[in-house]
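Peer 1: Take this structure first; my questions come after.
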Amino acid sequence: MNNKYIEKPTDSQLDFIAKLQKESESSSGACSICKGAGGWTNELGQYTFCECEKEKMFMAKCTKANIPYKNLGKSLEEHWNLRQDVWGNNLSQNALDKKADIKKLVERYTKVLPAIIAGNPLKIKPRVGNAINLTSLLFQGGQWSGKSLLCTLIAQEGVRRNLTVEYVDWSELYSDLSGFENRDKQNDWADIFGSKDLIILDGVDFYDVRNPSFVIQLDRIARARARCGKPIIITAYPGYEKIEAGHGWSSLLASCFKVTLPTPEPPKPYAS
Ligand SMILES: [Zn+2]
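Per our numbering, residue 15 is the first one in the sequence shown, and the count goes up by one each step.
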């Protein structure tokens, strides 16, 4: 540094600096309603959170629940596309009907989620047959069928309702449950599956690997979930039925209401 001295800024320079600071604050996203304070106290001394602060708290809870960022904040109304598939091709009538049914189901399901968790299943009347008591859901579909989007839509709705939610990525769970040396992580998973209000298990996939530790631990956490009686949302790739993990796992799967998602065909360059 070779500055010998710094001159005191003039009043007009100070004004200019203050103006710059204000501009940088507003461009960095300070809220125009609360000016970044996050809330206010009214004349009765009651504190009110600003909408911007509520949004921040919501995002923090979603992060804590491990909901992936990718689809966060999306909505069924806007993002569950009833016209086109992910490649921009128009849906067939069959796919459209299915997706419309799934939309209705997810809307009804999320609406009564707290009641389901309290032990009152959603009653649905299929076109044929008897009414079904529905607690848990299993969406089966291939790549690009919208499994993760549905998972996030349901998970974030749970967070909005102040439920304890855990979003679980199958490949991470698989790696934690494999091997006999991951004792602590495996105990954590058993606690999580035995206690959270809502578990979202996304992307269940069959790996053709012999893995005794995984078989035992998956059965263990499935039993923990079944015992606590709270719902689980599972999404799975075709072929998931080949996973063998004891009666706890198979009865957890059997307790889910199964929905098949229309899986779009990828465009030619991707097809093998
Ligand atoms: Zn604000």
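Glycine included, each C-beta is placed from N, C-alpha and C at the ideal position.
Everything numeric in this text was worked out from a predicted model, so none of it was measured.
What's the gap between the Cα of A236 and the Cα of S269?
Peer 2: The residue you call residue 236 lines up with position 222 of the sequence shown. The residue you call residue 269 lines up with position 255 of the sequence shown. Using only the alpha carbons, I get a separation of about 11 Å.
Peer 1: Count the other CB atoms, across all protein chains shown, that sit within 10 Å of the CB of R141; report buried if there are 16 or more and exposed otherwise.
Peer 2: Start at 1 with the first residue of the sequence shown, and residue 141 comes out as number 127. When all chains shown are included, R141 counts as exposed.
Peer 1: Work out the CA separation of N104 and Q231 for me, nearest whole Å.
Peer 2: Sequence index remark: in the sequence shown, residue 231 carries index 217 (1-based). Sequence index remark: in the sequence shown, residue 104 carries index 90 (1-based). Each residue's alpha carbon lies about 43 Å from the other.
Peer 1: Pull up the CB-CB distance for K113 and L86, whole angstroms please, since I reckon it's below 8 Å.
Peer 2: For the purposes of this step, residue 113 is taken as residue 99 along the sequence shown, with counting starting at 1. For the purposes of this step, residue 86 is taken as residue 72 along the sequence shown, with counting starting at 1. So it is not a contact: roughly 21 Å between Cβ atoms.
Peer 1: Report the residue from F153, E171, M71 and L127 whose alpha carbon sits nearest the alpha carbon of K88.
Peer 2: In the sequence shown, counting from the first residue as 1, residue 88 sits at position 74. When only C-alpha atoms are compared, the closest one is E171.
Peer 1: From which residue to which residue does the beta strand (DSSP E) around Q154 run?
Peer 2: For this step, residue 154 is matched to residue 140 along the sequence shown. Looking at the DSSP string, the run of the beta strand (DSSP E) that includes Q154 is S150 to Q154.
Peer 1: Quick one: grab the DSSP three-state call for T62.
Peer 2: Residue mapping note: residue 62 aligns to position 48 of the sequence shown, counting from 1. Correct three-state label for T62: strand.
Peer 1: Is it a yes or a no for the segment 207-223 touching the segment 243-251, going by three-plus beta-carbon pairs under 8 Å?
Peer 2: The segment 207-223 vs the segment 243-251: in contact.
Peer 1: Which residues have their C-beta within less than 5 Å of a heavy atom of ligand 1, listed in chain order?
Peer 2: Here the list is C45, I47, C48, C64 and C66.
Peer 1: Using only the alpha-carbon positions, how far apart do Y221 and C76 sit?
Peer 2: On the sequence shown, residue 221 is found 207 positions in, with the first residue counted as 1. On the sequence shown, residue 76 is found 62 positions in, with the first residue counted as 1. Near 29 Å, if we compare the C-alpha coordinates of C76 and Y221.
Peer 1: In the structure shown, what three-state DSSP assignment does I257 receive?
Peer 2: Here residue 257 refers to the residue found at position 243 when the sequence shown is read from its first residue. Coil.
Peer 1: Looking at the secondary structure, which residues open and close the beta strand (DSSP E) in which I213 lies?
Peer 2: Here residue 213 corresponds to residue number 199 of the sequence shown, with the count starting at 1. Unbroken beta strand (DSSP E) run through I213: L212 to V218.
Peer 1: Within the chosen definition, does the segment 121-135 reach the segment 41-59 through at least 3 CB pairs nearer than 8 Å?
Peer 2: Segments in contact, no.
Peer 1: I'd like to know whether the C-beta atoms of S185 and T277 end up nearer to each other than 8 Å.
Peer 2: As a working note, residue 185 is residue 171 in the sequence shown. As a working note, residue 277 is residue 263 in the sequence shown. Their beta carbons are not under 8 Å apart, which means S185 does not touch T277 by this criterion.
Peer 1: To the nearest angstrom, how far is it from the Cα of A44 to the Cα of C66?
Peer 2: Stepping through the sequence shown from its first residue, residue 44 is reached at position 30. Stepping through the sequence shown from its first residue, residue 66 is reached at position 52. Computed Cα separation, rounded: 9 Å.
Peer 1: Please give me, in chain order, every unbroken run of the alpha helix (DSSP H) with length at least 4 that falls completely inside the segment 100-147.
Peer 2: With a minimum length of 4 residues, the continuous alpha helix (DSSP H) runs that stay inside the segment 100-147 are 107-125 and 127-131.
Peer 1: Consult DSSP for F30 and reduce its assignment to one of helix, strand or coil.
Peer 2: Reading the sequence shown from its first residue, position 16 is the one you call residue 30. It is helical.
Peer 1: Given this structure, state the Cα-to-Cα distance separating R174 from L152, to the nearest angstrom.
Peer 2: Sequence index remark: in the sequence shown, residue 174 carries index 160 (1-based). Sequence index remark: in the sequence shown, residue 152 carries index 138 (1-based). Distance between the alpha carbons of R174 and L152: 22 Å.
Peer 1: Could you check the C-alpha separation between K199 and I47 for me, to the nearest Å?
Peer 2: By one-based count along the sequence shown, residue 199 stands at place 185. By one-based count along the sequence shown, residue 47 stands at place 33. Cα to Cα, the separation comes out at about 44 Å.
Peer 1: Of all the options E180, V182, K78 and V223, which has the alpha carbon lying nearest to the alpha carbon of S192?
Peer 2: Counting from one through the sequence shown, the residue named residue 192 turns up at place 178. The shortest Cα separation from S192 among E180, V182, K78 and V223 belongs to V223.
Peer 1: For D233, count neighbouring C-beta atoms within 10 Å of its own C-beta (all shown protein chains included) and say buried if the count is 16 or more, exposed if not.
Peer 2: In the sequence shown, residue 233 corresponds to position 219, counting from 1. By the neighbour-count rule (16 or more Cβ atoms within 10 Å), D233 is buried.
Peer 1: Going by DSSP, what residue range makes up the alpha helix (DSSP H) through Y83?
Peer 2: As a working note, residue 83 is residue 69 in the sequence shown. No alpha helix (DSSP H) holds Y83; DSSP gives it neither H nor E.
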